[in-house]
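Here the structure comes first, spelled out in C-alpha cells, and everything after it is commentary.
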Amino acid sequence: MNTASGFIKALESGTKHLFIKRFTLRYPEQKLKFDGDGYQFDPKKGVGIAGLRGRHILFHDKCTGCQLCSIACEGIAEAISMVKVDEHWKQNKKSIMPQIDYGKCVFCGLCVDACPFYALYMTNDYELSSYTKSHLIYTPSQLAVKPKYDGDVEIKIDSMGANHG
Amino acid sequence: MSTLEEKIDEAKNLSMQIVKDSEEDRLMTLSVGPQHPGSGHFRFVIKIDGDYIVYVDPDPGYVHRGHEKMCEYRNFFQNIPHLERPVIHDSCNITYSYSLAIEDLIGITVPRRGQFIRAIASELNRLVYTEYWLAIYGIFLGHSTMFMWPAGDRELIIDLLERLTGHRVTHAFNIPGGVRNDMPYNFKEKCLTQVNYFEKRLKEYEHIFYNNPLLRQRTEGVGILSKEDAIKLGVTGSVLRASGVPYDIRKVEPYDVYDEIDFNVQYMKTCDSFARAYVPYLDMIESCHIIRQLLDKIPESGDVREKLLSNVKGPPGESFKRIESGRGALSYHIVSDGTSRAYRVKMSVGSFRNLLALPFLLVGSKLGDMPPIYWSLNYWPVEADR
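One line per chain: the protein sequences are S and C, in this order. By my numbering, the letter at position 37 of the first sequence is numbered 18, and the numbering carries on one by one without gaps. One gets my numbering by counting positions in the second sequence from 1 and adding 149 to each.
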C-alpha cells in the first residue's frame, strides 16, 4: 500500500466514527445490569453459582460461628474478624459472626467457598466508597442488609455498532 | 588504489578514534523511568552519543513483592488471589499453569466441561491483555486514537469475563481442580455475538494503525532481532514468533483441550518492531477462532470442578507445567514436601525473558526508536519483578 492511500484509508476509518453511537457507559446515570444476585456457592456440589462478587450478605439464621470464613481469609487479606453479637441463635452457641473490613477485602470470594452452611454469599453491590476508613468495616448487622441495585443497561450490538443504549 | 568508499571509511575510523579519546565528554546519561509515562515501575539507564544509544542498563525490581516466597506460607488455594496480582489483566492465564502444576502434583484430572471453560476464560483474557498492550503501544507512538479504540473495545470482553467470573480484572477463577463456577445460562449466545463484533472491530485496526504510513515508517526495519539471536537470547511468545520461529506452547505441548482445537501459529519473518507489533494482533484474531470452536465443542452439562479439601496435601515431589500466556511461555515449578504448603514455587514468566533482548536491540539504535522497540517486546514490568 502506498503512502497516500494509507493516509486516506486511516482518515476514512476514523471519520466513520462520527456517525455511530459512542461506546461509553455514562456512570453513575447508567449502571450495568448483572445476571443473578451475586456469587453464591453450593457446598454440597462443591461448585459456585456465577454472579458478581460485590459486598457480602450474611444470613444470621444460618451462621454457626464456625470461623471457617475467617480462616480462609487468613492468608489472603485478613479482612474477616469474628465479633460478638447480641443475638442468640440456637445454632450459634458462641454468638460470634464475621465482620468484614472492606479496606482490606480483595473480593476473591474464597470465604464464600469455605462456608458449609449457606450463610455467606456475595451481592451485586459494588459501590462501597466512604469518607473514613472506619466506615468500611461492616458489622454483622450491616452485612445482613440486602442491597438495592437497580442497574438496567446492557451492551447492545446493532447497525450503529456496540453501545449502551 | 583506494576507492572513495574506503577513504570515507578511513575518515570515519579516525573520527571514531577521537570519539574514544574524549568519550567521557561526549556521552550523556539518561535515566528513563520509573516515572516515565508508560514505562511502568521500571527504569533503564541509557548512554547516548548524539542521537545514538551506546549503552543500556535495564533496572527492574521496583515492584518486587516476593510472590514466590509468599507461596511457601499459604496453602494451595490461598495462593490464587495473590498470584494473579503481577498481571491483573491476564489473571486467568497466570493462575492457569499454577493450577495445572498443582493438579499434576496431587494427581487429579479436571472434568471435561471445566477444561473447556478454563480455556475460554484463558483466551478471553488473552484478548483483554493484548488490547491493553496495544492501547499502550499506540500512545507510546503518539497515536491517541489507537489508545482509545482498544481501551474501548476491551470493554466488550471485560463484560463477558465479568459475567463469567464475577470480576472485571483479578478473576480468581482458575483454581486447582477446575474453575470456581459454571457458565451463566445465557453466556454462550452473549459470548458469540460480542466476540464476533469484536473481531469485526479488529479489522478496522488494520486501516487506522497497522497500514498507517506513519506507523510503518517508525517501526519497519527498526530493532531487528534475527532468528538465531532470538533463540540464543531465549525470548518467548510473540517476540519469538515475530523473529520467524513458529513456536507456541498450545501447539508444542497441548494442555487440557488444546489438542482438539484447530488453529494456526501466527508468525512473521521480518524480525523488526513492526512484526512484533503485528503478531499479537494476529494472535487476537486466532483467539477469536479458538473461542468459537471451544463454544461449539463444549459439553452441554457436567461438573466443572473436582472437589478438594481446602488444605489438600500432595505427595512429596515436583511438578512443572507451562502454558502460553499473552506474553509467551509462563511456567511454574512446584516442589512439595508432602504438607499442605509448597516447599518452593518458582515462576518463569515471559516478560523477564523478553527483557533480556532489550539491551541487545537498543544499542546502536536512535533514541527516537526507543519507544517502539521497548514496548514491542511485550514486556510487563510488574510480572517481570514478581
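No residue lacks a Cβ here, since even glycine has one placed at the ideal position from N, Cα and C. Since the structure is predicted, the reported quantities are computational estimates derived from the model, not experimental observations.
Residue i, enclosing beta strand (DSSP E) - first and last residue
i, result
"C:HIS190", "Neither: C:HIS190 is in no beta strand (DSSP E) and is coded neither H nor E."
"S:ASP23", "21 to 23"
"S:ASP82", "77 to 82"
"S:TYR102", "101 to 103"
"C:VAL388", "No beta strand (DSSP E) contains C:VAL388, which is instead part of the alpha helix (DSSP H) from 387 to 391."
"S:VAL28", "28 to 30"
Which listed residue (the options) has its alpha carbon closest to that of residue i
i, options, result
"S:LEU33", "C:TYR286, C:PHE509, C:PRO299 and C:ALA321", "C:ALA321"
"S:LYS114", "S:LYS(-3), S:ILE(-11), S:TYR83 and S:GLY19", "S:TYR83"
"C:ILE255", "C:ALA478, C:LYS495 and C:PRO465", "C:PRO465"
"S:GLU135", "S:VAL28, S:GLY146 and S:PRO128", "S:GLY146"
"S:ILE30", "S:TYR99, S:LYS71 and S:LEU124", "S:TYR99"
"C:ASN345", "C:LEU309, C:SER375 and C:LEU290", "C:LEU309"
"C:MET433", "C:LEU283, C:ASP158 and C:HIS292", "C:LEU283"
"C:TRP529", "C:ARG175, C:PRO235 and C:TYR430", "C:PRO235"
"S:LEU101", "S:ASP131, S:GLN21, S:HIS116 and S:SER110", "S:GLN21"
"C:LYS462", "C:SER485, C:GLN184 and C:LYS381", "C:SER485"
"S:HIS116", "S:GLN80, S:LEU(-1), S:PRO128 and S:ALA(-15)", "S:GLN80"
"C:LEU553", "C:GLY210, C:THR258 and C:ARG471", "The displayed coordinates of chain C run from 150 to 535. Any statement about residue 553 of chain C would go beyond what the structure contains."
"C:ARG261", "C:ALA506, C:GLU449, C:GLN442 and C:GLY475", "C:GLU449"
"C:ARG454", "C:GLU252, C:SER474, C:THR419 and C:LEU389", "C:GLU252"
"C:MET496", "C:GLY475, C:ASP534 and C:LEU510", "C:ASP534"
"C:GLN442", "C:ILE324, C:GLU217, C:GLU154 and C:ILE269", "C:ILE269"
"S:LYS127", "S:PRO24, S:GLN72, S:THR104 and S:CYS47", "S:THR104"
"S:SER62", "S:SER51, S:ASP131, S:GLY19 and S:ALA(-9)", "S:SER51"
"C:GLN415", "C:ASP421, C:ASP408, C:PRO403 and C:TYR430", "C:TYR430"
"C:ILE306", "C:PHE296, C:THR342, C:VAL328 and C:ILE288", "C:THR342"
Counterpart residues of residue i in DSSP-defined beta bridges
i, result
"C:PRO207", "C:PHE193"
"S:ASP139", "S:GLY142"
"C:GLY311", "With the sequence shown as reference, residue 311 of chain C is identified as Glu, and Gly is not the correct amino acid for it. C:GLU311 is not bridged to any residue."
"C:PHE469", "C:HIS482"
"S:LEU13", "S:VAL134"
"C:MET496", "C:TYR481"
"C:THR178", "C:LYS196"
"C:TYR281", "DSSP lists no partner for C:TYR281."
"S:GLY90", "None, per the DSSP bridge assignment."
"C:VAL428", "According to DSSP, C:VAL428 bridges with nothing at all."
"C:ASN323", "C:VAL328"
"S:TYR119", "S:ILE81"
Neighbourhood of residue i by C-beta, 7 Å cutoff - its chain only, sequence neighbours within 5 removed
i, result
"S:ILE57", "VAL87, CYS89 and LEU91"
"C:GLU348", "ILE434 and CYS437"
"S:GLN11", "VAL134 and HIS145"
"C:LEU179", "ILE195 and ILE197"
"C:ILE522", "VAL371, GLY372, SER422, LEU510, LEU511 and SER514"
Residue i, enclosing alpha helix (DSSP H) - first and last residue
i, result
"C:LYS352", "336 to 354"
"C:THR419", "Where C:THR419 is concerned, there is no enclosing alpha helix (DSSP H), given that its DSSP letter is neither H nor E."
"S:SER111", "Premise fails: S:SER111 is in no alpha helix (DSSP H) and is neither H nor E."
"C:ARG365", "362 to 368"
"C:ILE447", "Careful: C:ILE447 lies outside any alpha helix (DSSP H) and carries neither H nor E."
"S:THR(-16)", "-16 to -4"
"S:HIS41", "That residue, S:HIS41, is in no alpha helix (DSSP H); it is neither H nor E in DSSP."
"C:SER525", "519 to 525"
"S:MET63", "Element bounds for S:MET63: not the alpha helix (DSSP H) but the beta strand (DSSP E), 61 to 65."
"C:VAL212", "Segment: none, C:VAL212 is in no alpha helix (DSSP H) and carries neither H nor E."
"C:ILE251", "245 to 255"
"C:VAL406", "C:VAL406 -> no alpha helix (DSSP H), and no H or E assigned at all."
Cβ neighbours of residue i in the same chain (closer than 6 Å, five flanking residues each side left out)
i, result
"C:MET177", "ILE197"
"C:MET150", "Below a pLDDT of 50, predicted positions are generally treated as unreliable, and C:MET150, at 49, falls in that range; the measurement from the model is reported next regardless. Once the five neighbours on either side are set aside, C:MET150 has no close Cβ partner at all."
"C:GLY189", "PRO530"
"C:SER271", "CYS241, ASN242 and TYR245"
Close Cβ partners of residue i (< 8 Å) along its chain, the five nearest in sequence each way excluded
i, result
"S:LYS85", "ALA58, GLU59 and ALA60"
"C:LYS456", "GLY326"
"S:GLY(-5)", "none"
"S:GLU68", "HIS41 and SER76"
"C:VAL512", "ILE202, VAL203, TYR204 and VAL205"
"C:ASN527", "TRP282, GLY386, SER387, VAL388, ARG425, PRO429, GLY475, ARG476, GLY477, GLY499, SER500 and ASN503"
Chain-ordered neighbours of residue i on chain B, where CB pairs are closer than 7 Å
i, result
"C:PRO362", "Among the protein chains of the structure shown, namely S and C, there is no chain B."
| query | Taking a cut of 8 Å between CB atoms, which residues from the segment 85 to 98 of chain S lie near chain C? | reply | The residues in question are VAL87, PHE88, CYS89, GLY90, LEU91, ASP94 and ALA95.
| Using a beta-carbon distance cut-off of less than 7 Å, what residues from the segment 174 to 204 of chain C approach chain S? | none
| field | the segment 213 to 232 of chain C: positions lying closer than 9 Å to chain S by Cβ | value | MET219, TYR222, ARG223, ASN224, PHE226, GLN227, ASN228, ILE229, PRO230 and HIS231
| request: With 9 Å as the limit, tell me which residues of the segment 23 to 47 of chain S have their beta carbon closer than that to any beta carbon of chain C; keep them in chain order. | output: Within the segment 23 to 47 of chain S, LYS26, GLY27, VAL28, GLY29, ILE30, ALA31, GLY32, LEU33, ARG34 and GLY35 place their CB atoms closer than 9 Å to a CB of chain C, listed in sequence order.
| task | Note down, in chain order, all residues in the segment 260 to 285 of chain C with a beta-carbon under 7 Å from any beta-carbon belonging to chain S. | result | none
| For the segment 390 to 411 of chain C, which residues have a CB atom closer than 9 Å to at least one CB atom of chain S, in sequence order? | none
| message | What are the residues in the segment 313 to 326 of chain C lying within 8 Å of chain S by C-beta distance? | response | Look at the segment 313 to 326 of chain C: the residues with a C-beta under 8 Å from a C-beta of chain S are LEU313, THR314, GLY315, HIS316, THR319 and ALA321.
| message | Residues of the segment 328 to 346 of chain C in Cβ contact with chain S at a cutoff of 9 Å, in chain order, please. | response | VAL328, ARG329, ASN330, ASP331, MET332, PRO333, TYR334, ASN335, PHE336, LYS339, THR342, GLN343, ASN345 and TYR346
| In the segment 110 to 123 of chain S, which residues sit with their C-beta less than 8 Å from some C-beta in chain C, listed in chain order? | none
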